[in-house]
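Residue numbers (my numbering), protein chains in the order written: chain A, 1 to 283; chain B, 1 to 439.
Note that the Cβ used here is the ideal one computed from N, Cα and C, for glycine as well.
If you want it as structure tokens, here you go:
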């Protein structure tokens, strides 16, 4: 074995143990009828669990809810995060204080954020509905067709700082010359943003969107703490559904198959995204 | 499951009672009879010389704290049994004990089992039958446990769990508001709806409801179903809720949510309802019977409203029942020490000490014991609990209960949200429940 490979070996061993084994074992489980409470009757069932998952309308409903959640939350976080990053880039005083203050939501554990908003948005006991009522506004935050959007807003509150962090780093690493040239040529701020900032930030934007999308795809805590998937199944996300199937209902084989289908979908999206970025770079 | 908030305010007084009892008692005896107000004594079936470490996983609630406080007293009788209690949140208990049940070397030697899990765990072979141990324990008087509680711990004719504490539901209402409106506790579902409507004012909702998707929605609506004269299971042991009684119950439930519950409370569960009632923002709620002492505790979370709350059975007299059981894992290496502890704690005298300290009762004799009434929360409260425990049923029996309860609770919640019609929700709920339980 060459020296280079020997140096890689510890990392590969660690990777195989920490990531490879769980992945392989859960894939094996997805090919069985494994149920925690019936371990002695476990046997291979081929692709049956995948077929079962694909034919489960609740699974597709959960996937749809998850994708809506991811698209809405990441888009909002991107827009708000970019606006904040641009503002922070121009800030002249109290920069460190503002930045640390803005970043604070993402240091709170998501389950605590969920519980916090559960009561903050409570119509009878929460401070936000009380303040809204004082100006004559009544809004059912967790009502039909609204609960999912409320969860999106909570996610935006917590994770926009992360977007700000990435985008601000990207903005501050951009060369100054193109912006100075644009200013000399009399370009408007919007034109400069559209024609210079965004193209030059494309790699950072892709990575930021990708990281946040993958993270948002894992949404579980807000659902668990606030809505439990309701009203009906309107906020039942894929992670919550898979958790219930595997851990609450003991069906680990089926839950593993559901997780692998989700993983395959995510991998396809990632590959397409990276290829499009590569093409844009080469064009 | 329903014990996420348990009488924290009562705990100090309860523990004081235990400590007082402990101090008053002589050192452990080895007699097999447990009676009177003496300290719980040794279980006749297990010699006091038995030794071992009993690791038990419990929910971090005041009932657990009551048990912890009784351990020194237990060790006076069984000095060589070291009971180690690990307290965690409810949602982690099942994962951990199931893992322990299947391990060659168990992580836990004794378990508490929530009633929806009992059928699955017993049939999976995770739990040891207790019939022989119960029969061999003099003075244990197993039949003294309320029958609905005994039924939960009995699977396919064998006893796998002995009752720890109940979480049966009842109607908790504001006496002052009822008196002001000239109302008596409702005896029919229609009366409950009419009372809630009458009590509904600008500042106070008629009733705090808990239609959150899943367990909570089904648990609350189950009481309405019983009040409408329905039942969850038919004589064929299949779920039959798509019935005229089921329809009446769900229509009333939805109508009351729309007309008398706090606005926008579709995702409310136990915590929200409790806070609403204790803050004087709702006149009543369907909740766990042991919430009454909490609400009436002077200086507790109800503030000036303390003492204004009363407990009643649901209209019609029948309500939903919940229970935590003690069970010995089949892979436990210290089953004698397990039973020594369980039989000591759940014996008539152990139960008496536990209930006086603030634990939720399970034995009929305790509910009529004048000493318990005097040192506990009063005869009126225990009389109401006796009625509740005497006529109640769990949401589910048989297999796959968690999944079945979630499925039905999802349909109930969808109907309340207006996403489904009452007929569709009941049909879907019944079909899914039977399909799940047949797996």
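Can you tell me which of the three DSSP states residue i falls into?
{"i": "residue 218 of chain A", "result": "coil"}
{"i": "residue 221 of chain B", "result": "helix"}
{"i": "residue 21 of chain A", "result": "helix"}
{"i": "residue 23 of chain B", "result": "The predicted position of residue 23 of chain B is uncertain, since its pLDDT is 34 and thus under 50; a value taken from the coordinates is nonetheless stated next. Correct three-state label for residue 23 of chain B: helix."}
{"i": "residue 193 of chain A", "result": "helix"}
{"i": "residue 409 of chain B", "result": "helix"}
{"i": "residue 35 of chain B", "result": "Low local confidence applies: a pLDDT of 37 at residue 35 of chain B is under 50, so the model's placement there is unreliable, with the coordinate-based value given in what follows. Residue state, collapsed to three classes: coil."}
{"i": "residue 3 of chain A", "result": "helix"}
{"i": "residue 209 of chain B", "result": "coil"}
{"i": "residue 58 of chain B", "result": "strand"}
{"i": "residue 66 of chain B", "result": "helix"}
{"i": "residue 8 of chain A", "result": "helix"}
{"i": "residue 265 of chain A", "result": "helix"}
{"i": "residue 285 of chain A", "result": "The structure shown has nothing for residue 285 of chain A, since chain A only spans 1 to 283."}
{"i": "residue 46 of chain B", "result": "coil"}
{"i": "residue 439 of chain B", "result": "coil"}
{"i": "residue 89 of chain A", "result": "helix"}
{"i": "residue 424 of chain B", "result": "helix"}
{"i": "residue 369 of chain B", "result": "coil"}
{"i": "residue 443 of chain B", "result": "No answer is possible for residue 443 of chain B: the residues shown for chain B start at 1 and end at 439."}
{"i": "residue 45 of chain A", "result": "coil"}
{"i": "residue 82 of chain B", "result": "strand"}
{"i": "residue 69 of chain A", "result": "helix"}
{"i": "residue 28 of chain B", "result": "Caution applies to residue 28 of chain B, whose pLDDT of 32 falls short of 50 and renders its modelled position unreliable; the model cannot decide the point."}
{"i": "residue 114 of chain A", "result": "helix"}
{"i": "residue 386 of chain B", "result": "helix"}
{"i": "residue 377 of chain B", "result": "coil"}
{"i": "residue 35 of chain A", "result": "coil"}
{"i": "residue 232 of chain B", "result": "coil"}
{"i": "residue 2 of chain B", "result": "With a pLDDT of 44 at residue 2 of chain B, under the threshold of 50, the modelled position of that residue is not reliable, and the figure given next carries that caveat. Reduced to three states, the DSSP call for residue 2 of chain B is coil."}
Measure the CB-CB distance between residue i and residue j and report whether it falls below 7 angstroms.
{"i": "residue 159 of chain B", "j": "residue 338 of chain B", "result": "no"}
{"i": "residue 296 of chain B", "j": "residue 309 of chain B", "result": "yes"}
{"i": "residue 227 of chain B", "j": "residue 316 of chain B", "result": "yes"}
{"i": "residue 323 of chain B", "j": "residue 171 of chain B", "result": "no"}
{"i": "residue 113 of chain B", "j": "residue 402 of chain B", "result": "no"}
{"i": "residue 131 of chain A", "j": "residue 225 of chain A", "result": "no"}
{"i": "residue 417 of chain B", "j": "residue 165 of chain B", "result": "no"}
{"i": "residue 77 of chain A", "j": "residue 194 of chain A", "result": "no"}
{"i": "residue 405 of chain B", "j": "residue 218 of chain B", "result": "yes"}
{"i": "residue 64 of chain B", "j": "residue 58 of chain B", "result": "yes"}
{"i": "residue 231 of chain A", "j": "residue 152 of chain A", "result": "no"}
{"i": "residue 127 of chain B", "j": "residue 327 of chain B", "result": "yes"}
{"i": "residue 513 of chain B", "j": "residue 247 of chain A", "result": "With chain B covering only 1 through 439, there is no way to say anything about residue 513 of chain B."}
{"i": "residue 155 of chain B", "j": "residue 122 of chain B", "result": "yes"}
{"i": "residue 363 of chain B", "j": "residue 371 of chain B", "result": "no"}
{"i": "residue 66 of chain A", "j": "residue 237 of chain A", "result": "yes"}
{"i": "residue 48 of chain B", "j": "residue 83 of chain B", "result": "no"}
{"i": "residue 154 of chain A", "j": "residue 178 of chain A", "result": "no"}
{"i": "residue 319 of chain B", "j": "residue 169 of chain B", "result": "yes"}
Find the residues of chain C that neighbour residue i, judging by a C-beta separation of less than 8 angstroms, and give them in chain order.
{"i": "residue 248 of chain A", "result": "Among the protein chains in the structure shown, which are A and B, there is no chain C."}
Is any heavy atom in the ligand FAD found nearer than 6 angstroms to the beta carbon of residue i?
{"i": "residue 186 of chain B", "result": "Here there are no bound small molecules, and the ligand FAD is not part of this structure."}
In the segment 379-405 of chain B, which residues sit with their C-beta less than 8 angstroms from some C-beta in chain A, listed in chain order?
400, 402 and 403
Could you tell me whether the segment 273-288 of chain B touches the segment 225-236 of chain B, where touching means 3 or more Cβ pairs closer than 8 angstroms?
no
At least three beta-carbon pairs within less than 8 angstroms, the segment 75-85 of chain A to the segment 165-175 of chain A:
yes
Cβ contact (3+ pairs, closer than 8 angstroms) linking the segment 265-279 of chain B and the segment 116-124 of chain A
yes
Where the segment 122-146 of chain A meets chain B: residues whose CB sits under 9 angstroms from a CB there:
122, 123, 124, 125, 129, 138, 139, 140, 141, 142, 143 and 144
For the segment 104-169 of chain B, which segments carrying the alpha helix (DSSP H) assignment without a break, of at least 4 residues, lie completely within its bounds, in sequence order?
118-123, 131-135 and 147-153
Which parts of the segment 129-167 of chain A are runs of the alpha helix (DSSP H), unbroken and 4 residues or longer, counting only runs that do not cross its ends?
none
Contact residues within the segment 218-246 of chain A, judged by C-beta distance below 9 angstroms to chain B
224, 226, 227, 228, 229, 230, 231, 232, 233, 234, 235, 236, 244 and 245
Got a sec: which bits of the segment 12-40 of chain A sit with their beta carbon under 7 angstroms from any beta carbon on chain B, in order along the chain?
36, 37, 38 and 39
Is the segment 236-243 of chain A close to the segment 412-422 of chain B, with three or more CB pairs under 8 angstroms?
no
Members of the segment 124-146 of chain B that neighbour chain A once the beta carbon cut-off is set at 9 angstroms
124, 125 and 126
Could you please tell me which residues of the segment 198-228 of chain B, in chain order, have their CB closer than 7 angstroms to any CB of chain A?
212, 213 and 214
Contact between the segment 207-216 of chain B and the segment 255-273 of chain B: three or more CB pairs below 8 angstroms?
yes
Selection of the segment 254-273 of chain B by Cβ proximity to chain A, strictly under 9 angstroms:
262, 263, 264, 265, 266, 267, 268, 269, 271 and 272
Give, in chain order, every unbroken run of the alpha helix (DSSP H) that is at least 4 residues long and sits entirely within the segment 238-286 of chain B.
244-260 and 270-278
Does the segment 374-386 of chain B come close enough to the segment 192-201 of chain B to have 3 or more Cβ pairs within less than 8 angstroms?
no
Quick check on the DSSP output: what are the complete alpha helix (DSSP H) runs of length 4 or more inside the segment 279-362 of chain B, in order along the chain?
291-296, 335-346 and 348-356
Inter-stretch contact at 8 angstroms, needing at least 3 Cβ pairs: the segment 270-283 of chain A / the segment 196-206 of chain A
yes
Identify every run of the beta strand (DSSP E) within the segment 168-206 of chain B, keeping only runs that are complete inside it and at least 3 residues long; order them along the chain.
169-174
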